[in-house]
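Trainee: Attaching a single structure in C-alpha cells format; questions to follow.
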Amino acid sequence: MFTRLTRHSSLPVNLGGLRASVVKRTPGSFLHSSVIDGLLIFSIYNRQGPFYIRPSLVNRKWSVEMSLPILSLWALIAAIVASCATEINVGILSLALALFIGVYYGGMKLSEVAAGFPTQLFFTLVAVTLLFGQARLNGTLDKVAHRAVRGCRGNLGLVPIMFFLLALVLGSIGPGNIASAALVAPMAMAVAGRTGISAFLMALMVGNGANASSLSPVAPTGIIANGIMARIGLAGMEWQNYFNVCLAHASVGFAGYFLFGGWRLFRRTYHEQDAFADLPAKADSSHNASGASEGLEPRHWLTLGVIGALIAGVIFFNLNVGMGALAGAVLLTVLRVANEAHAIRAMPWSTILMVTGVTVLIALLEKTGGMDLFTTLLARFSTQRSVTGVTAFLTGSISVYSSTSGVVLPAFLPTVPGLIQKLGGGNPMAIASSINVGSHLVDVSPLSTIGALCIAAAPAGEDTRSLFRKMLAWGLSMAVVAAAGCYLVFS
Numbered sequence: 003m004f005t006r007l008t009r010h011s012s013l014p015v016n017l018g019g020l021r022a023s024v025v026k027r028t029p030g031s032f033l034h035s036s037v038i039d040g041l042l043i044f045s046i047y048n049r050q051g052p053f054y055i056r057p058s059l060v061n062r063k064w065s066v067e068m069s070l071p072i073l074s075l076w077a078l079i080a081a082i083v084a085s086c087a088t089e090i091n092v093g094i095l096s097l098a099l100a101l102f103i104g105v106y107y108g109g110m111k112l113s114e115v116a117a118g119f120p121t122q123l124f125f126t127l128v129a130v131t132l133l134f135g136q137a138r139l140n141g142t143l144d145k146v147a148h149r150a151v152r153g154c155r156g157n158l159g160l161v162p163i164m165f166f167l168l169a170l171v172l173g174s175i176g177p178g179n180i181a182s183a184a185l186v187a188p189m190a191m192a193v194a195g196r197t198g199i200s201a202f203l204m205a206l207m208v209g210n211g212a213n214a215s216s217l218s219p220v221a222p223t224g225i226i227a228n229g230i231m232a233r234i235g236l237a238g239m240e241w242q243n244y245f246n247v248c249l250a251h252a253s254v255g256f257a258g259y260f261l262f263g264g265w266r267l268f269r270r271t272y273h274e275q276d277a278f279a280d281l282p283a284k285a286d287s288s289h290n291a292s293g294a295s296e297g298l299e300p301r302h303w304l305t306l307g308v309i310g311a312l313i314a315g316v317i318f319f320n321l322n323v324g325m326g327a328l329a330g331a332v333l334l335t336v337l338r339v340a341n342e343a344h345a346i347r348a349m350p351w352s353t354i355l356m357v358t359g360v361t362v363l364i365a366l367l368e369k370t371g372g373m374d375l376f377t378t379l380l381a382r383f384s385t386q387r388s389v390t391g392v393t394a395f396l397t398g399s400i401s402v403y404s405s406t407s408g409v410v411l412p413a414f415l416p417t418v419p420g421l422i423q424k425l426g427g428g429n430p431m432a433i434a435s436s437i438n439v440g441s442h443l444v445d446v447s448p449l450s451t452i453g454a455l456c457i458a459a460a461p462a463g464e465d466t467r468s469l470f471r472k473m474l475a476w477g478l479s480m481a482v483v484a485a486a487g488c489y490l491v492f493s
C-alpha cells in the first residue's frame, strides 16, 4: 500500500513488532509497506525532504517493545547464522536462547520451555549410537567392509561402485551417513591412490553412497527426520523418506560416475594384493582385534546377529528402534564382546546436544507463534507449484554451511503444515521430501563432515587444494540440481 504523509503528520506503524510512528517534516513523501502477519517490510520514497521513525514515547523516554513471535524468530535466525559462521555448538546456543526468551522475556514457566525437549528422540539417538559404536570399536564393521571390497575381483570399474554400495549398506543398517563415511573413506581413497582412480570420482561415490543411507529408519538422521515428521502428521513415511533420498543420491552419484570417466575404468584391471594390502582399519584394542583381512571371530558374528535382529524387528515386528538398540547394546556389554565405556566416550554427544537444543528452540517458536511467521515468509516467495523447488534450494543453500540433521531438518520440517495452509493447499509429503533431499544432496561439499573425511583421507601426492575446489563446486551446484529435481518430481 502507499500512504501519503502530510506536513507534520504522524502515522502509527508496526516495524516487526516495534511500536512506532512515522513523522514527516515536509510534504511529498510516501511510505511503501508490505505487512506480513505483523512483520513490516518497508521502503521510503521522499523527493522533498527527510523523515524519521520515532518510537513511541513513554514519560519522554524511548520505548521499544518487540513481540514474542518476532523475537523467537530472530533467535532461530541467529542460531542458523551462528551454525554457519562459527564453531559454536548451536544446540547450546539454541537452548540458552529458548530459556532466556521463554522464561525471562515471555514470562513462561521453566517447565513449559523444558517440555519442548525431545525426550524420545534423545533416548533413541543414545541407544542407536551406543550400539553401533560398539560394533565399530570391536572391529565388526571393518571386517564387513574389507570383505565387501574384495568382491570386485580385479575389475577396476566396479571398485567405485562397490564403495558406493558399501557406504550405502553400512550407513543403512544403523551407523548412519557420517559413521559410514568415516569407515569407508580411508579405504576407498587409499585404493584410489594405488589403482589410479580419480580421487574426486572416488570421493563423489563414497559421499553420495553414505548420504544415500541418511534417512534409513534405523540411522540417526532418519530417526530425527521421521520423529519430526510424525509430530506434524506425516507418520508412517519412514521407508518412502529413505527411498527418496537414496534415489536422489544414487542418481547424482552415478551421473557423476559416468560424467567424470568412471566407465573408462572397465578397460583396466588391478592386482588385488597390491590394491587392498594393509588398508586402514580401526578396532578396539581391548579386544586385540586381528587384521581386517582375517576371518570373522565369534564376537563379530554375535554383533552381526544383534544388528540383524534389530533390523528384522524394526521391519517386520514394528519394534521401537531405541528400545531394540538399547537391548542389543546391553547384550553385547553383558557378553563382553564390546567395551561399553569406550563406546560411550565415542558417541556423538556434540551432535545429540545440537539436535535436542535446536528442537527446544523450535518448540518455543511453535508455542509463541514464531513458526507461523517463519512459514509466512517462506510462503511469500512460493506458490503451490514452486514450493518444492524453493524449499529444496533454500535448505540446500543453508545445509552447505550448517548441520543438516542438527539445524536444517529441525528448523524447516515443522514449517510444512503452515506452508500448506498459507499456500491454500499442496502435498505435505512432497514439501517434506524436498526439504530432505535438498538438505542432503549438497553434503558431499568439503564444508560438510563427509566431504572433509574424504579430503582428509586423500592419498599421498594428491593435490588436496584442487580436490577441495572440485568438491566445493559440486556441493554448491547440488543446491540448484536439488531445486530443479524436486520441482520436476514432486510438483
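Everything in the sequence shown is counted per our numbering, starting at 3 for the first residue and increasing by one.
Beta carbons are placed, not taken as given, at the ideal position from N, Cα and C, and that holds for glycine.
In this text, all values refer to a predicted model and were calculated from it rather than measured experimentally.
State the Cα-Cα distance for the pair ILE46 and THR385, rounded to the nearest angstrom.
Mentor: Low confidence applies here, because ILE46 scores a pLDDT of 34, under 50, leaving its location unreliable; read the following figure in that light. Answer to the nearest angstrom: the Cα atoms are 28 angstroms apart.
Trainee: Taking the alpha helix (DSSP H) that CYS154 falls in, what are its first and last residues?
Mentor: Element bounds for CYS154: n/a, residue is neither H nor E.
Trainee: What number of angstroms, rounded off, separates the C-alpha of ASN228 from the C-alpha of ALA434?
Mentor: Computed Cα separation, rounded: 10 angstroms.
Trainee: Using alpha carbons as the reference points, say which of ILE317, SER352 and ARG347 lies closest to SER174.
Mentor: Per the Cα distances, ILE317.
Trainee: Write down the C-beta distance between ARG152 and LEU185 rounded to the nearest angstrom, noting that I regard them as a contact closer than 8 angstroms.
Mentor: Actually they do not touch by this definition, with Cβ atoms about 16 angstroms apart.
Trainee: Tell me, to the nearest whole angstrom, how far the beta carbon of TYR244 is from that of PRO222; I am working on the premise that it is less than 8 angstroms.
Mentor: Actually they are not in contact, since the Cβ atoms of TYR244 and PRO222 sit about 13 angstroms apart, beyond 8 angstroms.
Trainee: Can you find at least 3 beta carbon pairs, one from the stretch 355-362 and one from the stretch 390-403, that sit closer than 8 angstroms?
Mentor: Verdict: no, contact absent.
Trainee: Cutting at 8 angstroms between CB atoms, please list the residues of its own chain near GLY211, excluding the five before and the five after it.
Mentor: The residues are PHE165, PHE166, LEU167, LEU168, ALA169, LEU170, GLY173, SER182, VAL186, HIS251 and GLY255.
Trainee: At what residue ranges does the stretch 305-340 contain a whole run of the alpha helix (DSSP H), taking only runs of 4 or more?
Mentor: The qualifying runs are 323-336.
Trainee: Quick check on this structure: which residue in THR370, ARG301 and ALA460 has the alpha carbon closest to the alpha carbon of LYS145?
Mentor: Nearest C-alpha to LYS145: ARG301.
Trainee: Pick helix, strand or coil for LEU474, following the three-state DSSP scheme.
Mentor: LEU474: helix per DSSP, three-state reduction.
Trainee: Among the candidates ALA365, PRO430, LEU379 and SER352, whose CA atom is the shortest distance from the CA of ARG387?
Mentor: When each option's Cα is compared against that of ARG387, the closest is PRO430.
Trainee: To test your reading of the DSSP string, which unbroken alpha helix (DSSP H) runs of 4 or more residues are found completely within the stretch 100-174?
Mentor: For the stretch 100-174, whole alpha helix (DSSP H) runs of length 4 or above, ordered along the chain, are 112-116, 121-139, 142-151 and 160-174.
Trainee: Which of the three DSSP states, helix, strand or coil, is assigned to GLN496?
Mentor: Outside the displayed range of the chain (3 to 493) lies residue 496, so it cannot be described from this structure.
Trainee: Among ALA129, ASN157 and ILE346, which residue has its Cα nearest to the Cα of ARG266?
Mentor: Looking at the Cα atoms, ASN157 is the closest of the given residues.
Trainee: Could you please give the first and the last residue of the uninterrupted alpha helix (DSSP H) stretch that includes MET373?
Mentor: 372-382 is the span of the alpha helix (DSSP H), which, as asked, contains MET373.
Trainee: Can you find the residues in the same chain that come closer than 7 angstroms, C-beta to C-beta, to LEU337, ignoring five residues on each side of it along the sequence?
Mentor: Counting only Cβ-Cβ distances below 7 angstroms, and skipping sequence neighbours, we find LEU304.
Trainee: Restricting to Cα atoms, I'd like to know which of ALA432, MET191 and SER74 is closest to VAL115.
Mentor: It is SER74 whose Cα lies nearest to the Cα of VAL115.
Trainee: Along the chain, where does the alpha helix (DSSP H) that runs through GLN386 open and close?
Mentor: No alpha helix (DSSP H) holds GLN386; DSSP gives it neither H nor E.
Trainee: Quick check on ARG270: does DSSP put it in helix, strand or coil?
Mentor: Three-state DSSP puts ARG270 in coil, outside helix and strand.
Trainee: Is it buried or exposed, LYS111, if we count other Cβ atoms within 10 angstroms and call 16 or more buried?
Mentor: Exposed, because fewer than 16 other Cβ atoms sit within 10 Å of the Cβ of LYS111.
Trainee: So which of ALA458, VAL491, ILE230 and ASN246 has the shortest CA-CA distance to LEU123?
Mentor: The residue with the shortest Cα to Cα distance from LEU123 is ILE230.
Trainee: Helix, strand or coil for LEU469 per DSSP?
Mentor: LEU469: helix per DSSP, three-state reduction.
Trainee: Locate the alpha helix (DSSP H) running through PRO448, then write down its first and last residues.
Mentor: No alpha helix (DSSP H) contains PRO448, which DSSP labels as neither H nor E.
Trainee: Could you pull out every residue in the same chain whose Cβ sits closer than 8 angstroms to the Cβ of LEU132, ignoring the five residues on either side in sequence?
Mentor: The answer, listed in chain order, is ALA327, LEU328, ALA331, GLU342, ALA345, ILE346 and MET349.
Trainee: Using beta-carbon positions only, say whether SER479 and ASP445 come within less than 8 angstroms of one another.
Mentor: Taking 8 angstroms as the Cβ cut-off, SER479 and ASP445 do not qualify as a contacting pair.
Trainee: Alpha carbon to alpha carbon, how far is SER404 from LEU249? Give it in angstroms, no decimals.
Mentor: Spanning the two alpha carbons is a distance of roughly 23 angstroms.
Trainee: What's the C-alpha gap between PRO71 and LEU380?
Mentor: Rounded to whole angstroms, PRO71 to LEU380 spans 16 angstroms at the Cα level.
Trainee: Roughly how many angstroms separate the alpha carbons of PHE268 and CYS154, rounded to a whole number?
Mentor: Going from the Cα of PHE268 to the Cα of CYS154 covers about 11 angstroms.
Trainee: Decide if the stretch 449-469 is in contact with the stretch 410-418; the criterion is three or more beta carbon pairs, one per stretch, under 8 angstroms apart.
Mentor: No: the two stretches stay apart, fewer than three of their Cβ pairs being nearer than 8 angstroms.
Trainee: Please list, in chain order, all residues of the same chain as GLY195 whose beta carbon is under 6 angstroms from its beta carbon, the five residues on each side excluded.
Mentor: Only PRO461 meet the Cβ criterion.
Trainee: What first and last residue would you give for the alpha helix (DSSP H) that runs through TRP76?
Mentor: Start and end: 70-87.
Trainee: For the alpha helix (DSSP H) containing PRO412, list its first residue and its last residue.
Mentor: 411-414 is the span of the alpha helix (DSSP H), which, as asked, contains PRO412.
Trainee: Kindly indicate which three-state DSSP category ASN91 falls into: helix, strand or coil?
Mentor: Coil, per DSSP.
Trainee: Please report the Cβ distance between ALA81 and LEU99, rounded to the nearest whole angstrom; I am assuming they are in contact, meaning their Cβ atoms lie under 8 angstroms.
Mentor: Between LEU99 and ALA81 the Cβ distance is about 7 angstroms, and since that is below 8 angstroms, they are a contact.
Trainee: Run through DSSP, which three-state label would GLY198 get?
Mentor: Residue state, collapsed to three classes: coil.
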